[in-house]
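The sequence shown runs -19 to -1, 1 to 96 under mature numbering (1 follows the signal peptide of the UniProt record, and there is no 0).
For each residue, glycine too, the CB sits at the ideal point set by N, CA and C.
These numbers come from a predicted model, not from an experiment.
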Amino acid sequence: MKVAFVVCCLFAVVYYCNGSCWVIPPTSGQNNIYDTCFFAGEIIYPGSTITRNCMSCFCGHSSGGYLKCCTVGNKVKKIPDDCKKIVSPDGCYEHVVKASDESSSCEYGVSMVGR
């Protein structure tokens, strides 16, 4: 039972782990009556989230629209000789599969880090 609990905790940590996050408060004196946020030249409406270039950004409602951004994804650092890396179409996630059978994941000897 303890082993199952530890395994569940480890999966939760890996699932919710982000490489880095930051919050950008609204500019002082900004006349932003709609509480919108701006990121990479785009408007983000309050309560909305966008993901661009491996960054997930959320626009908060309070104080004229604060912006919270976090990196998303992972990078493979170590791959066993019998495996190869597959990169997601957006380039944010890397997955390691058997070189001889891409439908089989490599589960041992792989090292990954957050972006």
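What's the C-alpha gap between K49 and I5?
Distance between the alpha carbons of K49 and I5 is about 6 Å.
By the three-class DSSP mapping on this structure, what secondary structure does residue 176 have?
Nothing about residue 176 can be read from this structure; the chain reaches only from -19 to 96.
Return the first residue and the last residue of the beta strand (DSSP E) that E23 is part of.
Segment E23 to I25, the beta strand (DSSP E) holding E23.
Mapping the DSSP letters down to three states, classify V53 as helix, strand or coil.
The answer is coil: DSSP assigns V53 none of H, G, I, E or B.
From C35 to S86, what does the alpha carbon distance come to, in whole angstroms?
Distance between the alpha carbons of C35 and S86: 23 Å.
Kindly indicate which three-state DSSP category Y(-5) falls into: helix, strand or coil?
Residue confidence for Y(-5) is low, a pLDDT of 44 falling below 50, so the modelled location carries little weight and cannot support an answer.
Look up K66 in the DSSP assignment and give the residues it is bridged to.
In the DSSP output, where bridge partners are listed per residue, K66 has V77.
Can you tell me which of the three DSSP states C40 falls into?
C40: strand per DSSP, three-state reduction.
For T32, I'd like the list of residues in its chain whose CB is within less than 7 Å of its CB, leaving aside the five on either flank, ordered along the chain.
Excluding residues within five positions, the ones whose Cβ falls inside 7 Å are V53.
Is T17 helix, strand or coil when you go by DSSP?
In the structure shown, T17 sits in coil (DSSP, three-state: anything other than H, G, I, E or B).
Pull up the distance between the alpha-carbon of H42 and that of G28, whole angstroms please.
One C-alpha to the other measures close to 7 Å.
Quick check: V94 and K56, are their CB atoms within less than 8 Å of each other?
Contact flag set, yes.
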